[in-house]
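Asks:
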Amino acid sequence: MDEDNNTEELLPAERRQQLVDWFKSNQAGTSQDLARMFGISVSTIRRDLDLLASEGLVKRTHGGAVSIRSRATYEPSTDLARRTALEEKQGIVREALRFIEPDQALLIDTGAVICHLLAEEIAGLDIPLTIITNDLHVAKVLTYKPNIKLIVPGGACRFGSFSLLGEPGLGFLADIRCDLFFMSAAAIDEQCVSETLLELVQLKRAMIAAANKVILMADSSRFMERALHKTAAIDKIDIIITDEGLGREQIDKFPSPEPQFITAFMS
24 MDEDNNTEEL
34 LPAERRQQLV
44 DWFKSNQAGT
54 SQDLARMFGI
64 SVSTIRRDLD
74 LLASEGLVKR
84 THGGAVSIRS
94 RATYEPSTDL
104 ARRTALEEKQ
114 GIVREALRFI
124 EPDQALLIDT
134 GAVICHLLAE
144 EIAGLDIPLT
154 IITNDLHVAK
164 VLTYKPNIKL
174 IVPGGACRFG
184 SFSLLGEPGL
194 GFLADIRCDL
204 FFMSAAAIDE
214 QCVSETLLEL
224 VQLKRAMIAA
234 ANKVILMADS
244 SRFMERALHK
254 TAAIDKIDII
264 ITDEGLGREQ
274 IDKFPSPEPQ
284 FITAFMS
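Now the structure itself:
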């Protein structure tokens with residue numbers, strides 16, 4: 024979409040068709056960004072997105088919308104992910120914090136903004152914890168915290184990300200046991216959790232095996248999708264924390280009693 028293209032004179036139906044076309048080549052957009060691109064007010068773009076969502080053409084988030092298409096190979100940039108469903112992610116993180124107790128050993132996943140938000144909240148806690156992570160951003164946030172013992176198993180840094188993958192991290196994880204693994208995912212359906220990158224799958228599998236309890240944090244836009252590489256069967260997940268955008272009809276497709284679903288509401 025050309026930012027100089029003035030869409031104020033377009034009929035609403037024409038404008039919404041341009042929105043649909045935009046989402047065919049873009050995974051997500053915030054209401055503010057879309058309003059600026061289309062030269063209309065934020066309230067108007069929200070009404071457009073609500074209508075498109077009601078027709079099943081996009082999936083609404085609190086701050087914008089995401090496209091409904093296969094996640095098999097798509098991986099959003101960190102900058103885009105930070106602006107997409109931000110309030111939903113913050114609510115999910117608040118729920119995740121309820122599971123943290125003094126003297127626990129925690130594994131924190133890599134490759135997702137929601138893990139960075141969790142680390143930022145943990146940095147404000149005043150309880151003794153051991154944190155193990157292969158995410159450089161998480162490690163940076165938790166450095167110089169006297170109450171936190173920080174362990175970074177290591178590996179090769181993937182270009183364009185904060186993730187350390189491969190050895191020696193995989194070997195280290197094979198020999199430890201942690202209380203909780205706070206996990207992220209590119210896509211989740213009623214059968215499995217999946218990712219776009221095989222090396223990331225290998226790391227996540229090692230973390231699942233090292234944890235007594237696996238807590239998956241994911242906003243509702245991640246659900247009922249399948250990425251290229253299967254990470255784990257859904258019964259390997261103990262708890263799923265998501266936002267109210269995931270409806271009861273979708274939740275009922277998952278096996279019970281595990282994973283247990285927890286819905287984070289907006290503050």
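Residues in the sequence shown are numbered consecutively from 24, following the numbering used here.
Yeah, the Cβ is synthetic: ideal placement off N, Cα and C, and Gly gets one too.
These numbers were taken from a predicted model, which means no experiment stands behind them.
Over what stretch of residues does the beta strand (DSSP E) that includes R118 continue unbroken?
Replies: The count along the sequence shown starts at 1 and reaches residue 118 at position 95. Note on identity: in this sequence residue 118 is Glu, with Arg being the wrong assignment. It is not in any beta strand (DSSP E) - E118 instead sits in the alpha helix (DSSP H) that spans 109-120.
Asks: Is DSSP giving I171 helix, strand or coil here?
Replies: The residue labelled residue 171 in the question sits at position 148 within the sequence shown. Strand.
Asks: Work out the CA separation of G268 and Q40 for me, nearest whole Å.
Replies: Along the sequence shown, one-based indexing puts residue 40 at 17. Along the sequence shown, one-based indexing puts residue 268 at 245. Taking the straight line from one Cα to the other gives about 24 Å.
Asks: Helix, strand or coil, according to DSSP, for K227 in the structure here?
Replies: As a working mapping, residue 227 is identified with position 204 in the sequence shown. K227: helix per DSSP, three-state reduction.
Asks: Pick helix, strand or coil for T153, following the three-state DSSP scheme.
Replies: Numbered from 1 along the sequence shown, position 130 holds the residue referred to as residue 153. Note: T153 maps to strand in three-state DSSP.
Asks: Of the choices G87, L140, L80, D132, whose alpha-carbon is the least far from that of T67?
Replies: On the sequence shown, residue 67 is found 44 positions in, with the first residue counted as 1. Closest by alpha carbon: G87.
Asks: Which residues in the same chain have their Cβ closer than 7 Å to the Cβ of A255, if we skip the five residues on either side of it in sequence?
Replies: The count along the sequence shown starts at 1 and reaches residue 255 at position 232. Same-chain partners within the cutoff: C215, V216, R228, I231.
Asks: Assuming contact is defined by CB atoms lying nearer than 8 Å, are A210 and E248 in contact in what I supplied?
Replies: Translated into positions along the sequence shown, residue 210 becomes position 187. Translated into positions along the sequence shown, residue 248 becomes position 225. Yes, the pair counts as a contact, with Cβ atoms nearer than the cut-off.
Asks: Please state whether the Cβ-Cβ distance between L196 and I238 is less than 8 Å.
Replies: Within the sequence shown, numbered from 1, the residue matching residue 196 stands at position 173. Within the sequence shown, numbered from 1, the residue matching residue 238 stands at position 215. Result no, Cβ atoms of L196 and I238 do not sit closer than 8 Å.
Asks: Is it a yes or a no for the segment 126-134 touching the segment 149-168, going by three-plus beta-carbon pairs under 8 Å?
Replies: Enough Cβ pairs lie closer than 8 Å, so yes.
Asks: With which residues is A287 paired in a DSSP beta bridge?
Replies: The residue labelled residue 287 in the question sits at position 264 within the sequence shown. Per DSSP, D266.
Asks: Going by CA-CA distance only, name the one from G177, H160, L165 that's closest to I150.
Replies: Against the sequence shown, residue 150 aligns to sequence position 127. Residue L165 is the option with its Cα nearest to I150.
Asks: In chain order, what residues of the same chain lie with their CB nearer than 7 Å to the CB of L120, ignoring the 5 residues before and after it?
Replies: Mapped onto the sequence shown, residue 120 falls at position 97. The residues are E144.
Asks: Could you give the uninterrupted runs of the alpha helix (DSSP H) lying entirely in the segment 27-78, keeping only those of 4 residues or more?
Replies: The segment 27-78 contains these whole alpha helix (DSSP H) runs: 35-48, 54-61, 65-77.
Asks: Roughly how many whole angstroms lie between the Cα atoms of V161 and L140?
Replies: Sequence index remark: in the sequence shown, residue 161 carries index 138 (1-based). Sequence index remark: in the sequence shown, residue 140 carries index 117 (1-based). Cα to Cα, the separation comes out at about 9 Å.
Asks: F182: buried (16+ other C-beta within 10 angstroms of its C-beta) or exposed?
Replies: Position 159 of the sequence shown, counted from the start, is the residue given in the question as residue 182. It counts as exposed.
Asks: Measure how close the beta-carbons of C201 and N235 come, nearest whole angstrom, since I'm counting them as under 8 Å.
Replies: The count along the sequence shown starts at 1 and reaches residue 201 at position 178. The count along the sequence shown starts at 1 and reaches residue 235 at position 212. Yes, they are in contact, since the Cβ atoms of C201 and N235 sit about 7 Å apart, within 8 Å.
Asks: What first and last residue would you give for the alpha helix (DSSP H) that runs through R83?
Replies: By one-based count along the sequence shown, residue 83 stands at place 60. Run containing R83: none in the alpha helix (DSSP H); it sits in the beta strand (DSSP E), 81-84.
Asks: Could you tell me the distance, in whole angstroms, from the CA atom of S90 to the CA atom of A58?
Replies: Indexing the sequence shown from 1 puts residue 90 at position 67. Indexing the sequence shown from 1 puts residue 58 at position 35. Roughly 17 Å between the two C-alpha positions.
Asks: Please report the straight-line C-alpha distance between D126 and G147, rounded to a whole angstrom.
Replies: Your numbering for residue 126 matches position 103 in the sequence shown. Your numbering for residue 147 matches position 124 in the sequence shown. Spanning the two alpha carbons is a distance of roughly 15 Å.
Asks: At what residues does the alpha helix (DSSP H) containing I274 begin and finish?
Replies: Here residue 274 refers to the residue found at position 251 of the sequence shown. Taken as a continuous stretch (DSSP letters only), the alpha helix (DSSP H) holding I274 covers 271-274.
Asks: Which stretch, first to last residue, makes up the alpha helix (DSSP H) that contains I253?
Replies: Position 230 of the sequence shown, counted from the first residue, corresponds to residue 253. Before going further, note that residue 253 is Lys rather than Ile in the sequence given. No alpha helix (DSSP H) holds K253; the beta strand (DSSP E) holding it covers 252-256.
Asks: Would P278 pass as an interface residue toward chain C - the criterion being a Cβ-Cβ separation below 8 Å?
Replies: Note that chain C does not occur in the displayed structure, where there is just one protein chain.
Asks: Whole angstroms is fine: what's the gap from L46's alpha carbon to G52's?
Replies: In the sequence shown, the residue the question calls residue 46 occupies position 23. In the sequence shown, the residue the question calls residue 52 occupies position 29. It should be noted that the sequence gives Phe, not Leu, for residue 46. Approximately 8 Å, taken between the alpha carbons.
Asks: Straight-line CA distance for L287 to G189?
Replies: In the sequence shown, residue 287 corresponds to position 264, counting from 1. In the sequence shown, residue 189 corresponds to position 166, counting from 1. Note on residue identity: the sequence assigns Ala, not Leu, to residue 287. Cα-Cα distance, rounded: 33 Å.
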